[in-house]
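Novice: Pasting a structure here, questions to come.
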Amino acid sequence: MKINLFILFLLITSLNCFSQNSFGKEINKNSKPIADIEELEMEVNNGGFNQYFFNCGKNCFETLKALKRNGKIKTAKILENAISLINPKKLSNNILIEKLQNQEVEELDNEKINASLDQLDLEFYKYPDGKLTHN
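If you want it as structure tokens, here you go:
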């Protein structure tokens with residue numbers, strides 16, 4: 002019985018994580034794109050694109066769409082370039098996302114690729130599209 006309660010607790014906790022952003026706020030379908038952009042901004046400003054892909058890379062394609070929909074074209078191009086750097090074999094989106102989730106993207110350990118990601122970090126820090134969200 003104790004094991005079943007523990008499993009139930011884990012299940013409820015994990016489901017809750019999928020419905021909240023990193024600040025614990027509820028995320029609905031309409032606010033997810035903004036949460037994705039905020040997540041990108043927070044992670045890149047804290048540790049660069051390498052950290053972003055390590056922690057939140059599974060959202061990179063959704064974030065890219067959100068940036069484009071919100072008119073943040075220059076920032077979207079920076080993210081697009083970062084994705085291209087870690088995906089030189091041009092894997093499908095789904096396969097790359099799976100590799101990111103499993104932390105199997107070897108390119109994130111490559112010094113040359115990390116140096117290029119560092120350059121993209123510097124471009125990102127300039128905020129070429131201005132403020133990314135209205136918060």
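Residue 136 is where the sequence shown ends in this note's numbering, and the numbering goes up by one at each step.
Heads up, the beta-carbon is just placed ideally off N, CA and C, and yes, glycines get one too.
(1) With burial defined as no fewer than 16 other Cβ atoms inside 10 Å of the residue's Cβ, what is the status of GLY25: buried or exposed?
(2) Determine the DSSP secondary structure at TYR128, reduced to helix, strand or coil.
(3) Beta-carbon within less than 6 Å of THR76's beta-carbon, same chain only, minus the 5 sequence neighbours each way: which residues are those?
(4) Would you call the CB atoms of ILE84 and CYS61 closer than 8 Å?
(5) With LEU109 and ILE87 assumed to form a contact (beta carbons below 8 Å), what rounded beta-carbon distance in angstroms separates them?
(6) Less than 8 Å separating the beta-carbons of LEU121 and PHE50?
(7) In three-state terms, what does DSSP make of VAL106?
(8) Consult DSSP for THR76 and reduce its assignment to one of helix, strand or coil.
(9) If you drop the 5 nearest sequence neighbours on each side, which residues of the same chain put their C-beta closer than 7 Å to that of ASN82?
(10) Return the chain-ordered list of same chain residues with a C-beta closer than 6 Å to the C-beta of GLU112, the five sequence neighbours on each side being excluded.
(11) How many Å lie between TYR53 and HIS135 at the Cα?
(12) Can you find the residues in the same chain that come closer than 8 Å, C-beta to C-beta, to ALA116, ignoring five residues on each side of it along the sequence?
Specialist: In short:
(1) Residue numbering aside, residue 25 sits at position 24 when the sequence shown is read from its first letter. Because GLY25 carries a pLDDT of 49, less than 50, the predicted location of this residue cannot be relied on, and no value is offered for it.
(2) Here residue 128 refers to the residue found at position 127 of the sequence shown. DSSP, read as helix, strand or coil, puts TYR128 in coil.
(3) Counted from its first residue, the sequence shown places residue 76 at position 75. Around THR76: LEU68 and ASP130.
(4) Within the sequence shown, numbered from 1, the residue matching residue 84 stands at position 83. Within the sequence shown, numbered from 1, the residue matching residue 61 stands at position 60. Yes, they are a contact pair.
(5) Within the sequence shown, the letter at position 108 stands for residue 109. Within the sequence shown, the letter at position 86 stands for residue 87. Indeed they touch by this definition, with Cβ atoms about 6 Å apart.
(6) Taking the sequence shown and counting its residues from 1, the one referred to as residue 121 is at position 120. Taking the sequence shown and counting its residues from 1, the one referred to as residue 50 is at position 49. Against a cut-off of 8 Å, the Cβ pair of PHE50 and LEU121 comes out as a contact.
(7) The residue given as residue 106 occupies position 105 in the sequence shown. Looking at VAL106 - three-state DSSP - the assignment turns out to be coil, as it is neither helix nor strand.
(8) Here the question's residue 76 lines up with position 75 in the sequence shown. THR76: helix per DSSP, three-state reduction.
(9) Start at 1 with the first residue of the sequence shown, and residue 82 comes out as number 81. Cβ neighbours of ASN82 beyond the five flanking positions: LEU121.
(10) Within the sequence shown, the letter at position 111 stands for residue 112. Closer than 6 Å at the Cβ level, and outside the excluded window around GLU112, lies no residue.
(11) Residue mapping note: residue 53 aligns to position 52 of the sequence shown, counting from 1. Residue mapping note: residue 135 aligns to position 134 of the sequence shown, counting from 1. The alpha-carbon atoms of TYR53 and HIS135 are separated by roughly 21 Å.
(12) As a position in the sequence shown, residue 116 is number 115, starting the count at 1. Answer for ALA116: no residue qualifies.
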